[in-house]
Amino acid sequence: MSFLNENDLSESQNKVSSILDDSKFSSKQNEASIEKKIYNFKVVLLGDASVGKTSILNRYIKKQFSDDYKCTISSCIENKSFTYDLYTVIKLNIWDTSGEEKFKSITKLYFKNTHGIVLNYDIHNRKTFESLNDWIKIIKENSNQFVSIIIVGNKIDLERNVSKEELNNFCENYNFLSEEVSAKNGINIDLLFQKLSKKMIENYENFEKEDNNKSENNNIDNNEMNNEDSKIKLSNSMNDDNKNFQNDNIEKKKDKEIQCC
Ligand SMILES: Nc1nc2c(ncn2[C@@H]2O[C@H](COP(=O)(O)OP(=O)(O)OP(=O)(O)O)[C@@H](O)[C@H]2O)c(=O)[nH]1
Ligand SMILES: [Mg+2]
321 MSFLNENDLS
331 ESQNKVSSIL
341 DDSKFSSKQN
351 EASIEKKIYN
361 FKVVLLGDAS
371 VGKTSILNRY
381 IKKQFSDDYK
391 CTISSCIENK
401 SFTYDLYTVI
411 KLNIWDTSGE
421 EKFKSITKLY
431 FKNTHGIVLN
441 YDIHNRKTFE
451 SLNDWIKIIK
461 ENSNQFVSII
471 IVGNKIDLER
481 NVSKEELNNF
491 CENYNFLSEE
501 VSAKNGINID
511 LLFQKLSKKM
521 IENYENFEKE
531 DNNKSENNNI
541 DNNEMNNEDS
551 KIKLSNSMND
561 DNKNFQNDNI
571 EKKKDKEIQC
581 C
């Protein structure tokens, strides 16, 4: 029987670690070679003024928070991509809106081609929870049946005036997702977008299935848009939405300037 001396031992350790490194490298190579499915989802943030929509978005995108309140006048759009799992990448196009929109005719552009809605209230301010029904009415009037909705109670770092049970009962009624978060402390912010993304994937796949069934039933083949075409169309129309939205914002800013002067 032969024993390893110190030099042999360190040599064999080096070999083992180089094998491990190689296997890590090849598993990374394998991972990179897996063809990933990319979902482009448009998400809209809604809810009363001051519930924390902009703060949630800033926390999610920039990992920042400010105690100052600047009400959103001209809404903004942010993009974020993340790897959902080994086979899936999600690209979110997130539209922040002004809580004041509830009292105006809310622009149809917000809801056009929207896959997900984050409907927010402030757990410290009961009135914002009570107005969720008004928001749901607006959403139902403007969006399609495949839109995914998550109800979000923000500011859980403050004293609560809406219980978790009330939120659960409310969401059970409508079959919505729910989450309680704090934009200030960053609690559950990533989780809320992950939950919503999971639901949007399910709804998107169901929509595709339903669409395919319809085409099969109608025996439409040549004239029917194929998936690639429809994806290109969808992304083009999202770009158009963005352009229209920017123009809309420019108009709003002009209006504001005119009002101010
Ligand atoms: N304590 C606490 N304050 C928060 C939190 N999120 C937002 N705020 C504060 O609440 C106020 C309103 O936040 P915004 O993000 O501007 O609210 P909004 O919903 O975008 O408001 P509008 O743009 O007017 O519709 C600001 O002073 C924020 O600092 C939170 O999680 N905890
Ligand atoms: Mg805002």
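Heads up, the sequence shown is in my numbering, so the first residue is 321 and it goes up one at a time.
Here a beta-carbon is modelled for each residue, glycine too, at the ideal position from N, C-alpha and C.
Quantities reported herein were computed from a predicted structural model and do not represent experimental measurements.
In this model, I458 and S353 are separated by some 44 Å (Cα to Cα).
The region 516-532 and the region 479-491 do not touch, with fewer than 3 CB-CB distances between them shorter than 8 Å.
The C-beta distance from T392 to D416 rounds to 6 Å, short enough to fall under 8 Å. L439: member of the beta strand (DSSP E) spanning G436 to D442, first to last residue. Using a C-beta cut-off of 8 Å, the region 366-383 makes contact with the region 445-455, since at least three inter-stretch Cβ pairs fall below that distance.
Sequence-distant Cβ neighbours of N413 in its own chain, meaning closer than 6 Å and more than five residues away, are K362 and N399.
For the set E355, K504, N462 and L429, the Cα lying nearest the Cα of V409 is the one of E355. Judged by the Cβ position, T392 qualifies as a neighbour of ligand 2 at the 7 Å threshold, a heavy atom of the ligand being closer than this. Annotation: N413 is outside any alpha helix (DSSP H); the continuous beta strand (DSSP E) that includes it extends over T408 to W415.
If you check the CB distance, Y494 and I456 come in under 8 Å.
Secondary structure of S401 (DSSP, three-state): strand. No residue range can be given for L478, since it is assigned to no beta strand (DSSP E) and is classified by DSSP as neither H nor E. D442 counts as buried, since no fewer than 16 other beta carbons sit within 10 angstroms of its beta carbon.
Within the region 477-542, the runs of beta strand (DSSP E) that reach at least 3 residues and sit entirely inside it are, in chain order, 497-500. Closest option to H444, judged by alpha-carbon separation, among E421, D477, I469 and K460: D477. The beta carbons of V472 and L512 sit closer together than 8 Å.
Counting only the Cα atoms, V482 lies some 34 Å from N360.
The distance from the Cβ of S468 to that of K504 is about 26 Å, inconsistent with a contact at the 8 Å cut-off. The beta carbons of F496 and I470 sit about 7 Å from each other, so the pair counts as a contact at 8 Å.
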